[in-house]
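First the structure, in the form of structure tokens, and then the observations on it.
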Amino acid sequence: MAYLLRIGGSIAIIAAVFVQLQRSIKNEVSGQGEVDFVIQNFFSFFTIESNILAGVVLFVGIFTLSKRAEPRGWSMVRAATTTYMATTGVVYNLLLRGVELPQGATVPWSNEILHVIAPAVVALDWLIAPGRRPLGAKALWGIVAMPVLWAGYTLARGAMVLDPRTGNPWYPYPFLDPNTSANGYYSVGFYVAMIAMVIGVAGAGVLWVSRLRRRTA
């Protein structure tokens with residue numbers, strides 16, 4: 001089952017990312033033609049970054065299933081990926097489902113894979129696949145590092161880079177835009193804190209699972 005999860009999951013994620021990128025580029029070419037800007041924005045979404053990481057992790061994991069114990073560093077990468085994907089699924093379904101995001105018209109099946117199916121596949125893989133190493137609570141610092149850097153990058157880029165099509169700052173998600181949020185940066189800070197809490201709880205859960213007895217794939 002682990003082989004099927006990793007093969008099918010990696011293929012589905014790669015296809016979903018590629019098709020959505022293709023749609024976004026096509027829409028922009030038929031519009032104002034700011035393709036470079038759209039591509040930069042596309043890869044600035046936490047959803048896209050975490051899914052690309054998940055696709056790579058699942059694909060590489062196909063070749064590690066025969067090993068009884070994977071390197072500790074690889075277990076750390078898997079734990080972080082599982083946390084990010086779980087966060088993606090929770091945040092999307094609580095805050096963003098039904099909201100048209102600014103990467104062009106959303107491809108429905110791609111959207112469901114990236115926000116629902118892929119997080120479920122990665123979480124299930126972490127639960128059942130053999131080889132993971134037990135990870136202590138200190139590993140949580142490593143897990144939260146990437147989201148913290150992403151949040152800093154996103155807020156800084158949004159404040160400095162203007163959308164050449166509208167002249168307005170560009171943010172990947174509506175709740176991160178201080179210009180449209182009800183209370184500006186206070187609202188943004190609230191949402192960032194809430195997401196940080198979700199990441200922390202999800203990461204702690206992932207680390208706890210790593211210490212459970214490993215199952216046979």
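Residue numbers (the UniProt record's numbering): 1 to 217.
Glycine included, each C-beta is placed from N, C-alpha and C at the ideal position.
Inset, instruction - If I'm right that Gly131 touches Thr64 with Cβ under 8 angstroms, what's the distance once you round it to whole angstroms? - result: 6 angstroms
Inset, instruction - Identify the continuous alpha helix (DSSP H) that holds Thr166 and give its terminal residues. - result: It is not in any alpha helix (DSSP H) - Thr166 carries neither H nor E in the DSSP assignment.
Legend entry - First through last residue of the alpha helix (DSSP H) which encompasses Met160: 139 to 160
Legend entry - DSSP three-state assignment for Pro71, whether helix, strand or coil: coil
Inset, instruction - Using three-state DSSP, classify Gly55 as helix, strand or coil. - result: helix
Inset, instruction - Name the two residues that bound the continuous alpha helix (DSSP H) containing Gly184. - result: Gly184 -> no alpha helix (DSSP H), and no H or E assigned at all.
Legend entry - Euclidean distance between Cα positions of Thr216 and Ile128: Residue confidence is low: Thr216 scores 42 on pLDDT, short of 50, so the model does not pin down where it sits. Its coordinate-derived value is still stated next. For Thr216 and Ile128, the distance between alpha carbons rounds to 7 angstroms.
Inset, instruction - Taking Leu135 and Met85 to be in contact with their CB atoms under 8 angstroms, please state how far apart those CB atoms are, rounded to whole angstroms. - result: Incorrect: roughly 17 angstroms between the Cβ atoms, too far for contact.
Inset, instruction - Under 7 angstroms Cβ to Cβ from Ile52, same chain only, skipping five residues before and after it: list those, please. - result: Val17
Inset, instruction - Pull up the CB-CB distance for Ser10 and Phe59, whole angstroms please, since I reckon it's below 8 angstroms. - result: 4 angstroms
Inset, instruction - Check whether the stretch 180 to 193 touches the stretch 113 to 123, taking contact to mean three or more Cβ pairs, one atom from each stretch, closer than 8 angstroms. - result: no
Legend entry - Within 8 angstroms, strictly: CB atoms of Leu140 and Leu212: no
Inset, instruction - Using beta-carbon positions only, say whether Arg157 and Glu34 come within less than 8 angstroms of one another. - result: no
Inset, instruction - Starting from the C-beta of Tyr3, find all residues in its chain whose C-beta is less than 7 angstroms away, skip the five residues before and the five after it, and write them out in chain order. - result: Ile62, Leu65
Inset, instruction - Determine the closest residue to Arg68 out of Arg133, Gly200, Leu95, with distance taken between C-alpha atoms. - result: Arg133
Legend entry - Residue nearest to Val144 in terms of C-alpha spacing, selected from Pro119, Ala193, Ala123, Leu162: Ala193
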